[in-house]
Each structure stands twice: as C-alpha cells, then as structure tokens.
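Asks: For the record, the sequence lines run as chains A and B.
If you read the first sequence in my numbering, its first letter stands for residue 1, the second for the next number, and so on.
If you read the second sequence in my numbering, its first letter stands for residue 1, the second for the next number, and so on.
Please see the structure below; I have some questions.
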Amino acid sequence: MIGPLDGIRVLDASDESGALAGKILGDLGADVVHVEPPGGDLRARRGPFLGDVPDPERSLAWLALHTSQRGITLDASRAEGRDLWKRLVARADVVLETARPGVLDAAGVGFEAARAENPRLVWCSVTPFGSTGPRADWLGTDLVVVAMGGNASVTGDPDRPPVRCTLPTAYYHAAPEAVLGILMALLSREDSGRGGHVDLSLQECQLQTLLGGAGQYARNRRLYQRTGGKLGRTREIWPARDGWVTFGLRGGAARIKNLVATVQYMDECGMAPAWLKAYDWSAYNHNEIDDTEIARFEEAFGAFFAGRPMRELYREALERRILLAPCNDAREILEHEQLRDRKLFVTLEYPELGASIEHPDFFAKMEPRGVALRRCAPRIGEHNAEVYGELGVGDAERERLAGEGVL
Amino acid sequence: MIFEGLHILELGAGAAGPVATRYFAEHGARVIRVESAKRPDFLRAIFMTQDSPFGLDGSPMYVLLNPNKECVSLNLQTAEGISLVKRLVEWADVVCENFAPGVMQKWGLDAESLRRIKPDLIVASGCLFGQTGPQRSYPGFGGQGSAIAGFNHLTGWPDREPHGPYGTITDSLSPRYVAVAVAAALFQRRRTGEGSSIDLSQIESGVYSLSELIVRQSALGRSVTRAGNKSEFMAPHAIYPCAGDDRWIAIAVEDDDQWRALVLEMGDPDWAAALSERDRFADPDSLDARIAEWTRSQDAALLAERLQGAGVPAGPVQNFQDLLDDPQLAHRGHWVPLRHVNLGELPFGRSGFRLSGDDGALRTPGPNLGEHNREVLGGVLGLSEEEVARLVDDEVVS
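Written as structure tokens, this is what we have:
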C-alpha cells in the first residue's frame, strides 16, 4: 500500500524519546533513514533480546520501534561524518532529532546551518522541556517528565509514592504530536515553499493527559488526591477471580442502563441482594450519593466480580452492554478476538534471526492510502551502501570511511 | 495560520473526539460542533448535580477541551436536522465523529454517504473499537479502552491492583492519532486531490503505541508488567519523598557518570561508594530506601535544581498548582487565560509543540450549546432569520 507520506524523506537521528515518532512517519509511507553511531545505538538497542541472546541486532525494543525505516551509521563528531550529515540534511524534507538544546547548533550541524542550505527543510526537535527557556537544559527521562507533567501526582495509591506506567507514556504522547507538528509544517510549506522548526516539549505533551485537570483545579482549588483503583470517590478497578476488570459506578443516562443490566446479570446468578434489586435508579446520580451508599454498592458488586473469571465477565458484558472490561496483559491483548478480527497484528519474518514476530500493524485504517508496517527494523548500517550510494558516495570511498570509523 | 480557511465539522462527544480537532482549531481551522439539547456531549453533564447553576453551559471540562470552536444545536432526530448537517458537509473539508459504529449510518451520515456528497471529503471516525469486527458495538469509554489496550495492567505496584495512569489514557492518546491521520489525509489531498476515510479505534492506537509490549510477548512469551517506578535499564529510578505534605522528587540515573554525580551530591557516603552497577540493579529497594533517607528532609524543587546542575535527571512531582506556576511552561506560553461567560477565567493549555512562523492561538473558550446558531445557520448556510425562527419552533434547532 502506498502511504500518504510517500516520497517524503526523513532523516531520523532520535533516541528512544523520539523513536515512536520516526516509526509513525515510516508507517505512513515516508522514506525514513535512521542514523546510528558506528556499532549501533546501544541504548536504543537494549534488552531484552530475541532468544535472550544479548546482541544489539536482537533487541526487541529496537525491532518494535524502528519498523518501516532504513538504517545507516555515521559518526557526526568527525569532520568527514559532519560533511556526510550535511549532505544528507541538504536532500531531506524532515529532520527528527532529540539532542540537548543548542548542542547541534554549537557543532554547526543544527537547524540554523541546515536551513541556510535547504530552506524547505522541516526540523523537529523533541526535547524534555522545549528548545528554550529556564529549564531547556534540564535532563529528562520518561519518569522525570511524567513527574513534572502533573500525571504522577494523581496516579497511584494514597499510601505510596506517585507512580508511572511501566512503559514510557511520555514518549508515546509526544510521538503523534511531533508527527502532527511535522505534517503541519509540511502542509504550510506547500504554500510558502519554506520549511520551519517544530519545537516540541515532552512535558507539555504530557500535561494533556490531564484532560483539562489543571484548568479545572484553577477554578475549584481542590487538589485531586491519588486514589489507587478508584476514580474520584468510586471504584473503577475491581478484582475478578483471575485478574482485574474495570467497571464504573458513574451515572448518566448511558451508564445507568449498564448498572441496571449488571444488577440483572447478578440476579440471574443469584448474587443480587434484595435491596439492590429494589433500588430506584431513576434518580441515581453518582455525584450525589453518599459514602455509605458507595460502600454498599462496592460490597455487592465487588463480591460478584470477585467470584467470576475476567473472560466470563467480559463475555457477558458484551452480550448485555455492560461497561466492564478486562485489564488485559500482553498475552490477552494478542488474543483479543476483536483486535484479531480487525487484523491489528501482522507477523514479520526475520530470516537472519530465524524468527517470526507479531507487531501491531497500524494505528488507523485509512482509505485509499493507509498506514502499515512496510519493512522490518534495519540491522546496524544495513542501508549504508544504498543511502550513501544515493549521495554519490562510491563503494571504495564508503569502505574507506567505514574502515576509519566514520560509518 | 496554517489551517486558516480549513473547515471541520465535528459530531461526537467526550474527550477522544474533541481533543483531535482542538489542534486544528488552535491553528486557525474553523471547527463547528453539531450537538443538541436532546443529545448533548456527555462532558457537558459529567460533573453536573441538581445545584449546578449553568446546566449544560457550565462544565469546565467541556469548556477546556473545546476552545476556538463553534457550536450549532441541531436535533438529528428530525429529517430536517439531518439535511442541515448534510448541507454543512458540503461546506466542510473534514468531518470528524466518534459515535458508536452505526449511529452515523442510521442518520445517513456514514463516510460512504458523505463522500458521495463530496468526493474529496476527509471523514475520520474514532470510536472505541473501530467500525468493523464482532465487538464494534460495545459501548465503552476511555476507562474500558485503557484496560483493554493494556495500560492499566502496566501501571501500579506489582503487589497490588493495577491503576491505569490518571485520565483514561486512550482518551488522551487516541485523539493525537486521529489528528495525525487527518493531517496526513490533508497532505495527501493537497498533492493528489483525493479524499479519505479514516477508521480509527481508540484501543488499537493505544496498542500500536505499546508495540514494544506486543513484540516482547510475541518473541519471548513474556512481557512487561507493572513494576511501580522501577526500570529495567536504570537504577536508581524512583520517586522519593521530600519535605512537606505529599511532596516528591523523581530521580532517574541513566549511567555510571550520573550515578557518581548523584553520590557526590549525597555527600559521598560509604554505603554508596561500595555499590557497583550490578549491586544497584540487584537490590533497588535497599538503594531506594537509602536515597529516600537523604531526600526526605529536602525541598523537592530545590533538590531537583541542584541535581540537574550536577547532571542528574531529576524533577519535582508537580501537582496542578505547581503546573500553573511552572516557569518553563510560562516561558512557552502554555497557559492561556480565557474568560467563559458562566465560569469566569480559566487557564487553557496549549498543545505540545510550537511552529516557527505560525504559533497558533487560543482565543475563545468552548462554546455554549447552540451559541453559534446564528453564525452557522445564517452565516454558513444562508438561512434567513425567519427560517431559523421556524426551525426553532419545530424543534429542529434545539
């Protein structure tokens, strides 16, 4: 399938914080060339490894996050490497990078130098706090950004420290925003003929997980407390017999139907207490029920869920239109009937590694041109001959550069 | 601005739909939301009680998530309401909706029908499970989406129940992908003249983000589970208590240089000097307990500043007040105060990137129900005041 970004050349020099953005661009059809230092980016090519054999070519994080790209190696700290970088930049539509603010400009390989040569260039900087400002120099990992972006303060149990998602959601939120900024700059270039700078802050992207929370706080001046598996006052995560399910006591017309259906289901199983069967839902408003009532609800619903397997609860929820869902682990996601029916997962073959691995194939189904994995992640320097060949670097020169450690 | 002259018609509700179009509204697109009193966006009522003085026009969450947009109130239970929407489709470049599958069909407003009206239209549908498949009609919200996509399982302490990150994460993640798909389709239309249909599942865009989770499971038969704040690759890597009520600092040590810098800041204690890198990973709990002893009496913001000065990634856990006072966010002009007629002044957040030459702007708070009936019905569709009055009487505009 030809993607909407067919023909757009992206030079991707990003680390893990920008990796998903590079993947999205490639999956959308752009020609993404990922630049690694000679020997590979060992931090991005981290463990665990395929077959548990430590080898940067077998890094599962790398294989997952660098699909649909070509890969080259380059040491841009060397004079000849810098020259090759400039030649690559001169013919690129987009550069994606995650260097500390100012570092590339100081070395003469940043946006300032590049745009003089290539005024159509779109340059996207993904940094923890943005390219300028009092904290632009601060170092930030996913954990630091989730902390400073406000989400950690309201995630977790009240009796323990704030907590993050174990995979880097700060990077996951930033990636599509980086791509959106790049697409906006490309659209703008269609009119103006000029590229521009997309200056992304991971912290600012992270703030938007609060869905207006800080703005609401400004009005009521009540700090939201961490409430574990509850959302506000009422429980959201419930133990089932073999795992956990989500289910809300929150009201509203659509949700009350689901509470009534749940009580019906419980009753059919002989698990609905008499008071619950007789409950008048017509005036129910979760914002107005008191703590005693919440406790009664939680006891009745909780006892019912705790005795049943997640799979059975979810099957009945689908049948009865109850707002209950399993807290899936990775295996359960891969087995999810709906996701398989939509062919979300595609198997990529890795003949050199003797493996077949399932990947999520797309983030949306688009007609007539779509999103799909186009190729496996590149091996270290896999496309050096191809890409440097396109620059006019001959085999002999490339071998010399490789021998001298520039490639 | 980049999207000056771009017309987006939005039908839908909640966060996942409206957050997607917010980016375009921020950068100059004209976004018209179709709602009705018969079927308002549920965010208008989410925290409503009998005492809520402004009814459907007083929900801070709705107002904050929908700046720069207009709202026309059309009752889609009437044939005339639907035909007015179809006329607005002729005006639109993009239609965004996030109803359950089948709802738009029922009104004759599904992607196929709309693209017959206007072949180069871009139609983006962004419901929970997508437009096809055996569970497509499942009526879930972001809470269910986060759970099914795996985020709940990944968040919390290994010895306790899963949590899910605050804010039902598929509601904040999936609209970014809707916006990417729409922008990519606009780019394609610009180059080829083609329209597009986009079928996005909130859950699938979440799972796509979690590619590492899926690939590890498929390749190894095991994958990531919730681990508190521990990292497989960094130690120490945790959130430590600081002085004051509910005050904390995050510290993430990526390599040995950063570890040595942290040790020096701690005053080079004997216990730290004796620890190898292997020791740090072997027993992170004891390590964290030692570091917590050191952080406990210190101010989180000052300590973070000091550690950053020494080259150690660290940051205070900022609560919502801290975010409003954050000097870096202020430098970026993140918070834009806008006055809502019923709620007064509220801080609206900018999106996460700035574009050179086109900074975008937030100008008006989310609209009241039917606030722009005159501008839309009169201005866009050219209806006379008498016609509009008749539509109001007939409860078409309602």
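For every residue, glycine included, the Cβ atom is placed at its ideal position computed from N, Cα and C.
#1: Look at the alpha carbon of R374 of chain B and the alpha carbon of V72 of chain B, and state the distance between them as a whole number of angstroms.
#2: Can you tell me the Cβ-Cβ gap for I468 of chain A and V207 of chain B, rounded? I've got them flagged as a contact below 8 angstroms.
#3: Since Q69 of chain A sits in a beta bridge, which residues does DSSP pair it with?
#4: Give, in chain order, every residue of the segment 362–373 of chain A whose Cβ lies closer than 8 angstroms to some Cβ of chain B.
#5: Near H237 of chain B, which residues of its chain fall below 8 angstroms by C-beta distance, leaving aside the five closest residues on each side in sequence?
#6: How many whole angstroms separate the CB atoms of Q206 of chain A and G133 of chain A, which I take to be in contact at a CB cut-off of 8 angstroms?
#7: What residues from the segment 42–54 of chain B come within 8 angstroms of chain A, judged by C-beta to C-beta, listed N to C?
#8: On the criterion of 16 or more Cβ atoms from any shown chain inside 10 Å, does N151 of chain A qualify as buried, or is it exposed?
#9: Specify the secondary structure class of N319 of chain B as computed by DSSP and reduced to three states.
#10: What residues from chain A crowd round A314 of chain B, counting only those whose CB sits closer than 7 angstroms?
#11: Who are the neighbours of W271 of chain B on chain A, taking C-beta pairs under 7 angstroms?
#12: Output needed in chain order: residues of the segment 114–127 of chain B with a Cβ under 7 angstroms from some Cβ in chain A.
#13: Comparing the CB of G133 of chain A with every heavy atom of the ligand PLP, is any distance shorter than 7 angstroms?
#14: Compare the beta carbon distance of P60 of chain B and L369 of chain B with 8 angstroms and say whether it is the shorter of the two.
#15: For the alpha helix (DSSP H) containing Y240 of chain B, list its first residue and its last residue.
#16: Of all Cβ atoms in chain B, is any one closer than 8 angstroms to the Cβ of D157 of chain A?
#17: State yes or no: is the beta carbon of E26 of chain B nearer than 8 angstroms to at least one beta carbon in chain A?
#18: Please report whether the beta-carbon of A15 of chain B lies at a distance below 8 angstroms from any beta-carbon of chain A.
#19: Mind pulling the chain B residues with CB within less than 7 angstroms of P134 of chain A?
#20: Determine, using beta carbons only, whether I24 of chain A comes closer than 8 angstroms to chain B.
#21: Can you name the residues of chain A whose CB is closer than 7 angstroms to the CB of V215 of chain B?
#22: From which residue to which residue does the beta strand (DSSP E) around W157 of chain B run?
#23: Can you tell me whether C327 of chain A is helix, strand or coil according to DSSP?
#24: Quick one: which chain A residues come within Cβ less than 9 angstroms of R160 of chain B?
#25: For W138 of chain A, decide whether its Cβ has a neighbour in chain B, counting only Cβ atoms nearer than 8 angstroms.
#26: List the residues of chain A that S197 of chain B touches, going by C-beta distances under 8 angstroms, in chain order.
#27: For A179 of chain B, which residues in chain A fall below 8 angstroms Cβ to Cβ?
#28: For Q135 of chain B and chain A, any beta-carbon pair shorter than 8 angstroms?
#29: Give a yes or no on contact between the segment 9–21 of chain B and the segment 387–403 of chain A, applying the rule of three or more CB pairs nearer than 8 angstroms.
#30: Under a three-way DSSP split, which group does L338 of chain B fall into?
#31: Where in the segment 57–117 of chain B do unbroken runs of the beta strand (DSSP E), each at least 3 residues long, occur, reported from the N-terminal end onward?
#32: Mapping the DSSP letters down to three states, classify W259 of chain B as helix, strand or coil.
#33: Beta strand (DSSP E) containing T127 of chain A: first to last residue?
#34: With distances taken Cα to Cα, identify the nearest neighbour of G333 of chain B among B:H340, B:L323, B:I214 and B:V341.
#35: Throw me the rounded Cβ distance for the V397 of chain B and L74 of chain B pair, which I believe falls under 8 angstroms.
#36: Do G26 of chain A and R374 of chain A have their CB atoms nearer than 8 angstroms?
Replies: Reading from the atomic positions:
#1: Sequence index remark: in the second sequence, residue 374 of chain B carries index 374 (1-based). Sequence index remark: in the second sequence, residue 72 of chain B carries index 72 (1-based). Distance between the alpha carbons of R374 of chain B and V72 of chain B is about 8 angstroms.
#2: Nothing can be reported for residue 468 of chain A: it is not among the residues displayed for chain A, which extend from 1 to 407.
#3: To locate residue 69 of chain A, count along the first sequence from 1; it is residue 69. Under DSSP, Q69 of chain A forms a beta bridge with A:V32.
#4: F362, F363, A364, K365, M366, E367, P368, R369 and V371
#5: Counting from one through the second sequence, the residue named residue 237 of chain B turns up at place 237. Same-chain partners within the cutoff: N229, K230, S231, I251, A252, V253 and P284.
#6: On the first sequence, residue 206 of chain A is found 206 positions in, with the first residue counted as 1. On the first sequence, residue 133 of chain A is found 133 positions in, with the first residue counted as 1. Q206 of chain A to G133 of chain A, Cβ: 16 angstroms. No contact.
#7: Those would be F42, A45, I46, F47, M48, T49 and Q50, in chain order.
#8: The residue given as residue 151 of chain A occupies position 151 in the first sequence. Flag for N151 of chain A reads buried.
#9: For the purposes of this step, residue 319 of chain B is taken as residue 319 along the second sequence, with counting starting at 1. If DSSP states are grouped into helix, strand and coil, N319 of chain B belongs with coil.
#10: Taking the first residue of the second sequence as 1, we reach residue 314 of chain B at position 314. By Cβ distance, chain A contributes V144.
#11: Against the second sequence, residue 271 of chain B aligns to sequence position 271. Those within 7 angstroms of W271 of chain B in chain A number zero; the least Cβ separation is about 21 angstroms.
#12: none
#13: Because no ligand of any kind appears in the structure shown, any question about the ligand PLP cannot be addressed here.
#14: Residue mapping note: residue 60 of chain B aligns to position 60 of the second sequence, counting from 1. Residue mapping note: residue 369 of chain B aligns to position 369 of the second sequence, counting from 1. Not a contact, by the Cβ cut-off of 8 angstroms.
#15: Numbered from 1 along the second sequence, position 240 holds the residue referred to as residue 240 of chain B. Annotation for Y240 of chain B: no alpha helix (DSSP H) segment contains it, though the beta strand (DSSP E) segment containing it runs H237 to P241.
#16: Taking the first sequence and counting its residues from 1, the one referred to as residue 157 of chain A is at position 157. Chain B contact via Cβ: present.
#17: Position 26 of the second sequence, counted from the start, is the residue given in the question as residue 26 of chain B. No, its Cβ sits nowhere closer than 8 angstroms to a Cβ of chain A.
#18: Sequence index remark: in the second sequence, residue 15 of chain B carries index 15 (1-based). For A15 of chain B, the answer is yes, since a Cβ of chain A falls inside 8 angstroms of its Cβ.
#19: The residue labelled residue 134 of chain A in the question sits at position 134 within the first sequence. What P134 of chain A touches in chain B: P327, Q328 and H331.
#20: Position 24 of the first sequence, counted from the start, is the residue given in the question as residue 24 of chain A. Judged by the 8 angstroms Cβ criterion, I24 of chain A is in contact with chain B.
#21: Position 215 of the second sequence, counted from the first residue, corresponds to residue 215 of chain B. What V215 of chain B touches in chain A: L60, L63, A64, I357 and H359.
#22: As a first step, residue 157 of chain B must be located in the second sequence, where it is residue number 157. Element bounds for W157 of chain B: n/a, residue is neither H nor E.
#23: Your numbering for residue 327 of chain A matches position 327 in the first sequence. Note: C327 of chain A maps to coil in three-state DSSP.
#24: Within the second sequence, the letter at position 160 stands for residue 160 of chain B. Neighbours of R160 of chain B on chain A, chain order: D157, R160, G228 and G229.
#25: For this step, residue 138 of chain A is matched to residue 138 along the first sequence. Cβ-Cβ to chain B under 8 angstroms: yes for W138 of chain A.
#26: Walking along the second sequence from the start, residue 197 of chain B turns up at place 197. Neighbours of S197 of chain B on chain A, chain order: M366 and E367.
#27: Within the second sequence, numbered from 1, the residue matching residue 179 of chain B stands at position 179. The contacting residues are P176 and L180.
#28: Start at 1 with the first residue of the second sequence, and residue 135 of chain B comes out as number 135. Closer than 8 angstroms: yes.
#29: no
#30: In the second sequence, the residue the question calls residue 338 of chain B occupies position 338. Of the three classes helix, strand and coil, the one that applies to L338 of chain B here is strand, per DSSP.
#31: 69–73 and 94–97
#32: Translated into positions along the second sequence, residue 259 of chain B becomes position 259. The answer is helix: DSSP assigns W259 of chain B an H, G or I state.
#33: In the first sequence, counting from the first residue as 1, residue 127 of chain A sits at position 127. Residues V122 to T127.
#34: The residue labelled residue 333 of chain B in the question sits at position 333 within the second sequence. Among B:H340, B:L323, B:I214 and B:V341, the Cα nearest to that of G333 of chain B belongs to B:L323.
#35: Position 397 of the second sequence, counted from the first residue, corresponds to residue 397 of chain B. Position 74 of the second sequence, counted from the first residue, corresponds to residue 74 of chain B. Correct: roughly 6 angstroms between the Cβ atoms.
#36: Counted from its first residue, the first sequence places residue 26 of chain A at position 26. Counted from its first residue, the first sequence places residue 374 of chain A at position 374. Cβ distance < 8 angstroms, so G26 of chain A and R374 of chain A count as in contact.
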